[in-house]
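Top line first, the protein sequences correspond to chains A and B. Residues 72 to 379 in our numbering are what the first sequence spells out, letter by letter. Residues 20 to 581 in our numbering are what the second sequence spells out, letter by letter. All residues carry an ideal CB built from backbone N, CA and C; glycine is no exception. Everything numeric in this text was worked out from a predicted model, so none of it was measured. Note sheet for the following structure.
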Amino acid sequence: MFPYIIKRLLQSIPTLLIVITLSFFLMRLAPGGPFDGERKLPPEIEANLLAAYNMDQPLFMQFVDYLGGIAQGDFGPSFKYKDFSVSDLIWSGFPVSLELGMWAMLLAVILGVLIGCYAALHQNTRWDYLMMGGAMAGIAIPNFVMAPILTLVFGVYLSWLPVGGWNDGALSNKVLPILALALPQIAYIARMTRGSMIEVLGSHFIRTAKAKGLTATKVIQKHALKAALLPVVSYLGPATAGIITGSVVIEQIFGIPGIGRYFVQAALNRDYTLVMGTVVFYGGLIILFNLVVDIIYGLLDPQIRYEN
Amino acid sequence: MSTQPFVIEQSSAVKQNHQSQQPILEVDNLHVDFNLHTGTVSAVKGVSFNLHKGETLALVGESGSGKSVTSMSILQLLPNLVSHPKGQIRYDGLDLLRAEEKQLCRVRGDRIAMVFQEPMTSLNPLQTIEMQVAEVLIEHKAMTKQQAQPRVLELFELVGIPNPKARLKAYPHELSGGQRQRVMIAMALACEPDILIADEPTTALDVTIQAQIMELLKDLQDRFGMAILFITHDLGVVHHFADRVCVMRYGEIVEQGITTQVFNDPKHPYTRELLDSEPKGKKSAVSPSSPILLEAKDIRVEFPIRTGFFSRITDSVKAVNNISLKLREGQTLGIVGESGSGKSTLGKALLRLISSEGKIQFEDEAIDVKDMLEMRPLRRRMQVVFQDPFGSLSPRMTVAEVIAEGLKVHEPLFNARQRDQAVCQSLEEVDLDPALRNRYPHEFSGGQRQRIAIARAMVLKPKFLLLDEPTSALDRSVQVKVVELLRDLQKKHALTYLFISHDLAVVKALSDEVIVMQNGNVVEQGSAEQIFQNPKEIYTQQLLAAAFDLELVEEQPQLACV
Numbered sequence: 072m073f074p075y076i077i078k079r080l081l082q083s084i085p086t087l088l089i090v091i092t093l094s095f096f097l098m099r100l101a102p103g104g105p106f107d108g109e110r111k112l113p114p115e116i117e118a119n120l121l122a123a124y125n126m127d128q129p130l131f132m133q134f135v136d137y138l139g140g141i142a143q144g145d146f147g148p149s150f151k152y153k154d155f156s157v158s159d160l161i162w163s164g165f166p167v168s169l170e171l172g173m174w175a176m177l178l179a180v181i182l183g184v185l186i187g188c189y190a191a192l193h194q195n196t197r198w199d200y201l202m203m204g205g206a207m208a209g210i211a212i213p214n215f216v217m218a219p220i221l222t223l224v225f226g227v228y229l230s231w232l233p234v235g236g237w238n239d240g241a242l243s244n245k246v247l248p249i250l251a252l253a254l255p256q257i258a259y260i261a262r263m264t265r266g267s268m269i270e271v272l273g274s275h276f277i278r279t280a281k282a283k284g285l286t287a288t289k290v291i292q293k294h295a296l297k298a299a300l301l302p303v304v305s306y307l308g309p310a311t312a313g314i315i316t317g318s319v320v321i322e323q324i325f326g327i328p329g330i331g332r333y334f335v336q337a338a339l340n341r342d343y344t345l346v347m348g349t350v351v352f353y354g355g356l357i358i359l360f361n362l363v364v365d366i367i368y369g370l371l372d373p374q375i376r377y378e379n
Numbered sequence: 020m021s022t023q024p025f026v027i028e029q030s031s032a033v034k035q036n037h038q039s040q041q042p043i044l045e046v047d048n049l050h051v052d053f054n055l056h057t058g059t060v061s062a063v064k065g066v067s068f069n070l071h072k073g074e075t076l077a078l079v080g081e082s083g084s085g086k087s088v089t090s091m092s093i094l095q096l097l098p099n100l101v102s103h104p105k106g107q108i109r110y111d112g113l114d115l116l117r118a119e120e121k122q123l124c125r126v127r128g129d130r131i132a133m134v135f136q137e138p139m140t141s142l143n144p145l146q147t148i149e150m151q152v153a154e155v156l157i158e159h160k161a162m163t164k165q166q167a168q169p170r171v172l173e174l175f176e177l178v179g180i181p182n183p184k185a186r187l188k189a190y191p192h193e194l195s196g197g198q199r200q201r202v203m204i205a206m207a208l209a210c211e212p213d214i215l216i217a218d219e220p221t222t223a224l225d226v227t228i229q230a231q232i233m234e235l236l237k238d239l240q241d242r243f244g245m246a247i248l249f250i251t252h253d254l255g256v257v258h259h260f261a262d263r264v265c266v267m268r269y270g271e272i273v274e275q276g277i278t279t280q281v282f283n284d285p286k287h288p289y290t291r292e293l294l295d296s297e298p299k300g301k302k303s304a305v306s307p308s309s310p311i312l313l314e315a316k317d318i319r320v321e322f323p324i325r326t327g328f329f330s331r332i333t334d335s336v337k338a339v340n341n342i343s344l345k346l347r348e349g350q351t352l353g354i355v356g357e358s359g360s361g362k363s364t365l366g367k368a369l370l371r372l373i374s375s376e377g378k379i380q381f382e383d384e385a386i387d388v389k390d391m392l393e394m395r396p397l398r399r400r401m402q403v404v405f406q407d408p409f410g411s412l413s414p415r416m417t418v419a420e421v422i423a424e425g426l427k428v429h430e431p432l433f434n435a436r437q438r439d440q441a442v443c444q445s446l447e448e449v450d451l452d453p454a455l456r457n458r459y460p461h462e463f464s465g466g467q468r469q470r471i472a473i474a475r476a477m478v479l480k481p482k483f484l485l486l487d488e489p490t491s492a493l494d495r496s497v498q499v500k501v502v503e504l505l506r507d508l509q510k511k512h513a514l515t516y517l518f519i520s521h522d523l524a525v526v527k528a529l530s531d532e533v534i535v536m537q538n539g540n541v542v543e544q545g546s547a548e549q550i551f552q553n554p555k556e557i558y559t560q561q562l563l564a565a566a567f568d569l570e571l572v573e574e575q576p577q578l579a580c581v
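Set out below in structure tokens:
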């Protein structure tokens with residue numbers, strides 16, 4: 072197992088390198104720059120600024136410099152927030168984003184699995200159709216539509232919850248963003264659980280379990296559930312990516328001071344280093360989480376053997 | 020802690036006079052309906068039989084006869100869309116068809132246990148085999164997992180799992196098919212049931228293992244005195260193991276009686292047909308001056324095993340190890356072996372569907388040096404028919420499209436009418452009505468589909484056919500007809516066959532020459548007559564014994580642990 076983990080981590084280096092290279096050059100291809108404003112800067116000041124940020128060198132040299140910095144864990148200074156390094160900004164936003172993401176993920180897995188199992192066990196009944204119809208809608212409606220609808224209903228019409236802001240992480244402020252973030256994932260996991268549960272319930276080893284004299288409840292608890300959840304576990308990797316990209320939009324809509332909001336603003340401001348830093352950080356996070364998911368999967372399914 | 024609540028004892032004197040006893044299980048006028056949304060289909064129509072203590076009753080029939088549905092009804096293991104409009108299944112004062120779930124759970128696994136047809140998928144892949152067997156004891160005998168362990172160990176020894184202590188924590192995928200079926204049997208015997216239902220317990224296994232499992236069941240029955248209800252399509256097995264037999268067709272029992280009487284003096288014409296459905300006849304010899312069509316020398320196929328940090332090739336599996344063969348025009352070469360023997364790999368290598376080492380000569384050309392593109396024009400003359408008639412035809416193409424596809428490649432100048440003509444001709448050749456050519460494969464039975472697969476190969480007018488287990492998935496009576504068809508086609512078109520099979524009866528009926536393979540090596544090679552009449556090697560003798568006479572096998576000690 073350990074050599075496998077090392078191998079996977081080493082394999083992630085080229086992946087990250089491609090992510091860094093692509094985003095570095097794409098960012099520079101976009102028109103405008105970090106020092107463009109309403110008023111044109113005097114040329115000598117601009118030249119000074121460019122020199123200060125190492126931007127007077129050829130693009131390729133800048134890229135090499137940047138890579139060198141990352142290799143030492145240095146994401147460079149932010150162009151916009153002049154007194155902060157990119158690392159500072161990421162670490163200040165990360166706890167908020169992490170909290171949001173973790174809750175959304177937890178909610179998605181628990182509700183998704185419960186709904187999926189219920190629908191599978193009541194296959195082709197009214198409840199099944201209702202839940203799967205709802206799940207279809209949940210997948211189809213993008214979160215930037217869902218979020219304003221939730222705000223409108225629960226924040227404006229019903230006035231149960233605040234329409235936005237973080238308020239130092241008060242519970243009432245968290246409910247709507249977490250819900251908006253989790254809904255598409257709940258829907259997806261529910262559909263997936265239902266499908267795999269129905270398939271497992273029709274399999275031969277479930278028939279064996281029944282023939283042993285186990286009650287219907289025990290058959291599901293002890294035999295069907297674990298097998299049915301395997302595909303859900305392998306979906307958790309992509310789900311992380313989904314929640315991270317979702318959080319970028321959701322944090323912006325609800326005005327939450329997480330990494331996602333920095334990311335959007337940095338892109339608009341052409342804050343090159345901050346954009347790059349967030350991309351690399353998120354990329355690493357997704358790779359790491361996929362590895363964790365693969366390891367969990369290996370622990371659950373004895374048929375998966377990691378070559379060492 | 021009481022660690023040995025019961026010990027396995029030898030029970031004796033079980034085979035008393037059945038007739039005088041009260042039957043232990045009574046199936047009375049059983050009806051089974053499948054309520055599909057297209058309508059109701061009756062799978063079983065008024066089946067009645069009794070099972071006595073200690074006896075073996077066989078339900079025999081071909082696929083679709085309702086024998087499995089009958090056996091599944093006893094423990095109520097059929098899906099929800101099934102109903103029983105009429106009939107009773109009486110066990111211990113209980114009508115199992117109308118029993119409550121709670122009552123059924125007490126009977127299942129404890130008093131009546133079942134072994135299924137599919138050893139590969141009938142065990143939970145995510146649980147250790149110890150846990151799966153222990154679960155029955157935990158459920159019915161109120162044991163803890165620790166208390167159950169010695170009993171599980173005892174059961175594993177009983178069913179002949181080698182080195183049982185080390186195997187306790189094994190997962191199903193770490194066991195062979197035969198071992199998995201032994202685990203299933205251990206599970207079924209855990210509570211010493213009154214009745215064991217065995218639904219085709221050996222169909223998915225190799226012949227030598229089949230014989231061992233049957234001997235095991237027989238032995239265990241002698242010791243514990245349970246009744247066995249045995250469901251099978253294999254009359255050879257019935258003949259050896261069943262006391263009484265019920266022959267089923269279309270959901271009804273057509274004949275019922277003592278096995279020896281039914282076999283010696285079958286009353287119903289269908290029973291006679293079944294008994295008669297062993298493939299018969301012999302291949303007429305080909306003149307020795309007939310030109311050589313295919314010659315292969317020292318064929319080797321190796322599959323690399325990659326290990327280590329950089330996935331280096333550290334070792335390899337020799338799937339085919341230095342095999343040479345010669346095939347004359349009009350001849351049939353039978354390749355016989357059990358699963359994993361490398362017979363299919365050899366077939367694929369000879370057609371250059373996979374890469375191999377060694378020289379291969381087809382007609383006048385050395386084909387081992389040709390790449391896939393250069394092979395393409397030759398493919399027309401060398402065609403394949405595969406084992407699985409259900410999986411090897413595209414479900415989204417009509418039969419005509421399936422058959423015509425090869426023509427599009429090899430006869431690009433044909434117009435639609437010419438193609439259609441060729442399709443009709445080849446369908447007629449395999450005795451299928453050309454009017455059916457616009458239907459989809461799922462509308463045909465297994466035997467018809469295999470005919471379609473043969474027509475698909477024949478439409479290109481090949482000289483050489485690779486037949487990879489073409490009859491294995493078919494019922495015996497259908498097999499006989501496919502064998503006849505293959506023989507007729509060979510005679511008519513002077514075809515050359517490479518016939519791969521584990522079924523010795525079919526190989527015997529079709530082949531001039533036979534190669535017996537084991538673990539990638541040739542065990543014995545020679546004319547069919549020589550191999551079947553006078554086998555030299557022990558392995559060949561065992562294979563023949565297992566196929567034609569089950570009882571001889573148990574005396575072979577080297578096969579005891581599979």
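Given a cut-off of 9 Å on the beta-carbon distance, is the pair B/Ala189 and B/Ile148 in contact? yes
Short check: CB of A/Val350 to CB of A/Ser94, under 9 Å? yes
By the criterion of Cβ-Cβ separation under 8 Å, what are the contact partners of B/Val155 in chain A? Lys283, Gly284
Cβ contact check for the region 80–87 of chain A and the region 320–339 of chain A: 3 or more pairs under 8 Å: Segments in contact, no.
What residues of chain A sit near B/Phe135, judged by a beta carbon separation below 9 Å? His275, Arg278, Thr279, Ala282
Proximity winner among A/Asp365, A/Gly209, A/Gly187, A/Ala122, relative to A/Pro309 (alpha-carbon distances): A/Asp365
Please find out if some non-hydrogen atom of the ligand FMN comes closer than 8 Å to the beta-carbon of B/Cys124. With respect to the ligand FMN, the structure offers nothing, as it holds no ligand at all.
Just grab the DSSP bridge partners of B/Ile247 for me. Its beta-bridge partners are B/Thr75, B/Leu215.
Roughly how many whole angstroms lie between the Cα atoms of B/Val533 and A/Leu80? 53 Å
Quick one: give me the first and last residue of the alpha helix (DSSP H) that B/Lys527 is part of. Annotation: the continuous alpha helix (DSSP H) that includes B/Lys527 extends over 523–529.
Find the residues of chain B that neighbour A/Gln133, judging by a C-beta separation of less than 8 Å, and give them in chain order. Chain B residues near A/Gln133: none, gap ~35 Å exceeds 8 Å.
May I ask you to report which of helix, strand or coil DSSP gives A/Arg110? The answer is coil: DSSP assigns A/Arg110 none of H, G, I, E or B.
Does any residue of chain A bring its CB to less than 9 Å from the CB of B/Ala185? no
Three-state secondary structure (DSSP) of B/His50: Annotated three-state conformation of B/His50 is strand, per DSSP.
I need the straight-line Cα distance from A/Val271 to A/Ile277, nearest angstrom please. 7 Å
When burial is assigned at 16 or more other CB atoms within 10 Å of the CB, is B/Asp487 buried or exposed? Residue burial is scored here from C-beta neighbours: B/Asp487 has at least 16 other C-beta atoms within 10 angstroms and is therefore classed as buried.
Between A/Asp372 and chain B, is any beta-carbon pair separated by less than 9 Å? yes
B/Tyr190 touches chain A at which residues, Cβ-Cβ below 9 Å? One finds Pro373, Gln374 in chain A with Cβ atoms closer than 9 Å to the Cβ of B/Tyr190, taken in chain order.
CB contact below 9 Å: A/Ala190 versus chain B: no
Just to confirm the assignment, what range does the beta strand (DSSP E) spanning B/Tyr289 have? No beta strand (DSSP E) contains B/Tyr289, which is instead part of the alpha helix (DSSP H) from 288–294.
Our contact map puts B/Ile471 next to B/Val418 with C-beta atoms below 8 Å; I'd like the distance itself, whole angstroms only. 6 Å
Is the CB-CB distance between B/Val202 and B/Val226 below 9 Å? no
In the region 283–312 of chain A, which residues sit with their C-beta less than 9 Å from some C-beta in chain B, listed in chain order? Lys283, Gly284, Leu285, Thr286, Ala287, Lys289, Lys293, His294, Lys297, Ala298, Leu301
Does the beta-carbon of B/Ala385 have 16 or more other beta-carbons within 10 angstroms, so that it is buried, or is it exposed? exposed
Is the Cβ-Cβ distance between A/Met203 and A/Arg110 less than 9 Å? no
Could you check where the beta strand (DSSP E) with B/Phe381 kicks off and where it finishes? 376–381
Mind pulling the chain D residues with CB within less than 8 Å of B/Asp295? Checking the listed chains, one finds no chain D in this structure; the protein chains it contains are A and B.
As assigned by DSSP and simplified to three states, the class of B/Ser30: Confidence is the limiting factor: at B/Ser30 the pLDDT is only 38, short of 50, which leaves the residue's position unreliable and the question unanswerable from this model.
Considering just the uninterrupted stretch of the alpha helix (DSSP H) at B/Asp439, what are its terminal residues? Per DSSP, B/Asp439 belongs to the alpha helix (DSSP H) from 435–448.
Quick one: what does DSSP say A/Pro74 is sitting in, helix, strand or coil? helix
Residues in its own chain within less than 8 Å of B/Arg468 by CB, not counting five upstream and five downstream? Pro408, Phe409, Leu412, Pro460
Hey, B/Val535 and B/Val525: beta-carbon distance below 9 Å or not? no
Between the C-alpha atoms of B/Val126 and B/Val256, what's the straight-line distance to the nearest angstrom? 28 Å
Got a sec: is the Cβ-Cβ distance from B/Ser141 to anything in chain A below 9 Å? yes
Let's test the definition: count the other Cβ atoms within 10 Å of the Cβ of A/Leu339 and tell me whether it reaches 16, buried, or not, exposed. exposed
Skipping 5 residues on each side, what residues in its chain have a beta carbon closer than 8 Å to that of B/Arg325? Arg331, Ile332, Thr333.
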